[in-house]
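What follows is one structure encoded as structure tokens, with my remarks underneath.
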Amino acid sequence: MPDVEAQAAAMRAQFQGAAIRIGDSHVIHAQDLCTWIAGVQVPAPACHTGFAISPDRLHPVWQDPTCQLCTGRRRPAEAGEQITGQLTLDATLEDV
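For what it's worth, the working numbering labels the leading residue of the sequence shown as 912, then goes sequentially.
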């Protein structure tokens, strides 16, 4: 079994100061840390978009994030504010 802590440390070093691209996607995500196998922290998309269980699908990039969810999380939304690129849902609590 590979040394999970060593792999996580190597990933954190590799992604230092970088944003994240998943696979061959053109979307660039802001970086956050998430808990992985055995409780170690590894780089992950700040929007918590899944990348399956394989962190080798993540690639460090030194570009500004383009993910609408990641960029929306950089500041608190105002009540009733629509985040650019998100659809407005016509629903009330009674509808659920």
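Where is the CB? At the ideal position from N, CA and C, for every residue including glycine.
In three-state DSSP terms, what is residue i?
i     : result
A930  : strand
Q974  : coil
R1003 : Rather than Arg, the amino acid found at residue 1003 in this sequence is Thr. Three-state DSSP puts T1003 in coil, outside helix and strand.
T960  : coil
V938  : coil
What residues in its chain sit with their C-beta under 7 Å from that of residue i, if we drop five residues either side in the sequence?
i    : result
L969 : I931, I933, P954, F962
P976 : A930, I939, H940, A941, T982
Below 8 Å between beta carbons: does that hold for residue i and residue j?
i    : j    : result
A929 : Q918 : no
T960 : Q952 : no
Q925 : P971 : yes
Quick one: what's got a C-beta closer than 6 Å to residue i's C-beta in the same chain, skipping five residues either side?
i    : result
L980 : C958
Per DSSP, residue i forms a beta bridge with which residues?
i    : result
P954 : L944
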